[in-house]
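Taking it in order: structure first as structure tokens, then the write-up.
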Amino acid sequence: MELLNISKASFAIKEGLSCHIENLVVNTDSLWVLVGANASGKSSVAKAIAGAIECTNGQCVKDRSCKCALVSFERQSELFEDDFKYRNSDTNSDEELNGIRVSDYLSGCNKEYVTKAMELLHIDYLYDRPVRVLSGGEGRKIMIVKAICSDNNLIVLDTPFDALDTESRCRLIEIIEYIHQNTACAIVLIVNRKEEIPQSASNFGLISALSLKKTGDRKLLDDSDFASFLNIVSLPQITIPKAPFKFIQKDVAGDNLVTIHKVNITYDRVIFKDFDFTLNKGDHYQISGPNGCGKSTLISLITGDNPLVYVNDITVFGYKRGQGESIWDIKKYYGLVSGALHLDYRVSSPVINVILSGFYDSIGLYTKASDDEIKCARAWLEIAGLSHLQRRSFKELSFGQQRLVLIIRALIKIPPLLILDEPLQGLDTYGRELVKEFISVIIENSKTTVIFVSHHTEDTPRGIKYNLRFVPCDGGYTIENDRI
359 MELLNISKAS FAIKEGLSCH IENLVVNTDS LWVLVGANAS GKSSVAKAIA
409 GAIECTNGQC VKDRSCKCAL VSFERQSELF EDDFKYRNSD TNSDEELNGI
459 RVSDYLSGCN KEYVTKAMEL LHIDYLYDRP VRVLSGGEGR KIMIVKAICS
509 DNNLIVLDTP FDALDTESRC RLIEIIEYIH QNTACAIVLI VNRKEEIPQS
559 ASNFGLISAL SLKKTGDRKL LDDSDFASFL NIVSLPQITI PKAPFKFIQK
609 DVAGDNLVTI HKVNITYDRV IFKDFDFTLN KGDHYQISGP NGCGKSTLIS
659 LITGDNPLVY VNDITVFGYK RGQGESIWDI KKYYGLVSGA LHLDYRVSSP
709 VINVILSGFY DSIGLYTKAS DDEIKCARAW LEIAGLSHLQ RRSFKELSFG
759 QQRLVLIIRA LIKIPPLLIL DEPLQGLDTY GRELVKEFIS VIIENSKTTV
809 IFVSHHTEDT PRGIKYNLRF VPCDGGYTIE NDRI
């Protein structure tokens, strides 16, 4: 049965800007796979298919029975924004202070299906948790559960594999394959990596310049334009811009940047028990492990964003935490990219100001930048291919462009410690290779030490020496520290 028929249609993104779909037919047994570069219009096309933006020209005919769900980073951000507003209302009841719980978010779904889906994705333990405590991957899984367990017959998944651990990506492909082969529910899937394409997919499309024009069967995977978005690309020669002198930090005394001693952290389960970790200068680490295992908790202990840092024995950059140091004493020594920072960066600043804010460790720019700082920011924009966006509002960028801007923000002062918590989420093949090269060049040509969190071993930059792995064991995790 035909659910959706779009022909030569335009959809309004905002005043004066539209995306275009030349021809798309979605039947109840369809599994469409769409690809495109960052800023090609993938998320806009996803919203057009889902009916989230208005068709202003051409044909867009939807069957009366069509009920659609959209899973995307933007929708995930909206969930966290709704929770923030709910917790910060004027009434401040106990319920509001707790915020939106996962059980509240899934309340309209089929309970039996929810139980099965959460077990499949190994997140049944999240059902009673507040959404604010979810990791990026856990939040994405909850949205997927809601989409597949509601009464939908069209599901649009906009890069759903981003932030998911290895096992969860495999499980999600199995779920997509099962829905496609055993139900009357159509799926439109947007991917950034070749390995995310289900074997049973038979309809493919290429998005570029805000348009879905090129569509076809599986043979389209061999099309040169299509393949260029999924395969390894050549990169230009990269020279890292020097930070202005006043932002070059004095070397931390001694060999240790971070010392964590006998740390104990328990929420509804034990996260760390008598955990020891020492990060020495030049010991570049990759941190890996399943969603929710404690990777981001470890990062928050280093950055000081976790209040439990003050009741544990933790020393960073020579400061024993809880001895009167300010957060700014700590922040000046590191640059950070994370999913949480991306969600928190709600300021409608020009792109160049977002990058300049990296010098001052602030969300938003509240200090007049010097000529040297602006020159440095523009140099970074140039090598990232984003010079044309320097005056564009950060909020107007695609997710991938925003991520790349936040990465540059972290790199710009070439800090003693660079903390990259799943930085490559949302980036296309070129963007991932470019950022990996940025990191590798910094490792090879500066005194910066790197912590790199990732679910993809193929994303590891050159120069990473160690792998701190969270390994499932007896309902919890053991932590193994290996040399690569």
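This note's numbering puts the first residue of the sequence shown at 359, with every later residue one more than the last.
Beta carbons are placed, not taken as given, at the ideal position from N, Cα and C, and that holds for glycine.
Starting from residue i, trace the alpha helix (DSSP H) in both directions and tell me its first and last residue.
i	result
Phe431	431-445
Asp687	685-689
Ile660	653-661
Leu769	757-769
Ile545	Premise fails: Ile545 lies in the beta strand (DSSP E), 544-548, not in any alpha helix (DSSP H).
On the three-state DSSP scale, how would you describe residue i?
i	result
Ile458	coil
Phe369	strand
Ser582	helix
Cys734	helix
Leu714	helix
Lys474	helix
Ser402	helix
Phe752	helix
Gln539	helix
Glu412	coil
Ile364	strand
Arg637	Residue 637 is actually Leu in this sequence, not Arg. In this structure, Leu637 counts as strand in the three-state DSSP scheme.
His480	coil
His746	helix
Leu522	coil
Val709	helix
Tyr835	strand
Glu496	helix
Ala427	strand
Thr815	helix
Asp609	coil
Ile822	coil
Asp421	coil
Asp840	strand
Asp509	coil
Tyr625	coil
Could you give the distance in angstroms between the alpha-carbon of residue i and the alpha-carbon of residue j?
i	j	result
Gln417	Lys469	37 Å
Gln539	Val808	44 Å
Tyr463	Lys504	8 Å
Asp509	Ile770	47 Å
Arg576	Thr541	22 Å
Thr573	Ile645	39 Å
Val628	Asn622	8 Å
Val489	Ser582	42 Å
Ala408	Glu554	21 Å
Leu778	Lys689	14 Å
Ser658	Leu579	41 Å
Val393	Ala768	28 Å
Phe810	Glu795	13 Å
Asp641	Gly652	20 Å
Val514	Asn803	43 Å
Trp390	Leu564	11 Å
Lys366	Leu776	47 Å
Lys620	Val793	34 Å
Ser376	Cys413	9 Å
Start and end of the beta strand (DSSP E) containing residue i?
i	result
Leu701	Run containing Leu701: none in the beta strand (DSSP E); it sits in the alpha helix (DSSP H), 697-702.
Thr787	First-last for Thr787: 787-803, but that is the alpha helix (DSSP H), not the beta strand (DSSP E).
Gly647	No beta strand (DSSP E) holds Gly647; DSSP gives it neither H nor E.
Cys377	375-385
Leu392	389-394
Leu561	For the sequence presented, residue 561 should be read as Asn rather than Leu. 561-566 is the extent of the beta strand (DSSP E) around Asn561.
Ile590	Ile590 -> no beta strand (DSSP E), and no H or E assigned at all.
Leu776	775-779
Ser720	Here Ser720 belongs to no beta strand (DSSP E), and DSSP marks it neither H nor E.
Contact defined as beta carbons within less than 8 Å: I believe residue i pairs with residue j. What is the distance between those atoms, to the nearest angstrom?
i	j	result
Leu701	Phe438	5 Å
Phe519	Thr787	Between Thr787 and Phe519 the Cβ distance is about 14 Å, and since that is not below 8 Å, they are no contact.
Asn511	Val419	In fact, because the Cβ distance is near 15 Å, the residues do not count as touching under 8 Å.
Val616	Ile660	6 Å
Leu826	Ile837	7 Å
Pro594	Cys734	Actually they do not touch by this definition, with Cβ atoms about 19 Å apart.
Asp516	His813	Their Cβ separation, rounded to whole angstroms, is 18 Å, which puts Asp516 and His813 out of contact at 8 Å.
Arg664	Gly495	Correcting the residue identity first, residue 664 is Asn in this sequence and not Arg. About 18 Å; that fails the 8 Å criterion.
Chain C beta carbons: is any one of them nearer than 8 Å to that of residue i?
i	result
Leu782	Protein chains in the displayed structure number just one, and chain C is not present.
Is there at least one non-hydrogen atom of the ligand ATP closer than 7 Å to the beta-carbon of residue i?
i	result
Asp516	Only the bare structure without any ligand can be found here, which leaves the ligand ATP out of the picture.
Are the stretch 428-447 and the stretch 390-408 touching by the rule of at least three beta carbon pairs closer than 8 Å?
-> The stretch 428-447 vs the stretch 390-408: in contact.
Touching by the beta-carbon criterion (3+ pairs, under 8 Å), the stretch 739-754 and the stretch 703-719 = The answer is yes - the stretch 703-719 touches the stretch 739-754, with three or more Cβ pairs under 8 Å.
Mind the definition here: the stretch 679-690 touches the stretch 750-765 only if three or more C-beta pairs lie below 8 Å; say whether that holds.
-> No: fewer than three Cβ pairs fall under 8 Å.
Can we say the stretch 432-447 touches the stretch 469-480, given the rule of at least three CB pairs closer than 8 Å?
-> Flag = no, the stretch 432-447 and the stretch 469-480 do not touch.
Do the stretch 784-799 and the stretch 592-599 touch if we need at least three Cβ pairs shorter than 8 Å?
-> Contact holds: three or more Cβ-Cβ distances are below 8 Å.
Evaluate the contact criterion for the stretch 564-573 versus the stretch 371-391: three or more CB pairs, one atom per stretch, below 8 Å.
-> Contact between the stretch 564-573 and the stretch 371-391 is present, because at least three Cβ pairs lie under 8 Å.
Decide yes or no for the touch test of the stretch 478-494 against the stretch 715-734: beta carbon pairs closer than 8 Å, at least 3 of them.
-> Contact fails between the stretch 478-494 and the stretch 715-734, because fewer than three Cβ pairs, one in each stretch, are under 8 Å apart.
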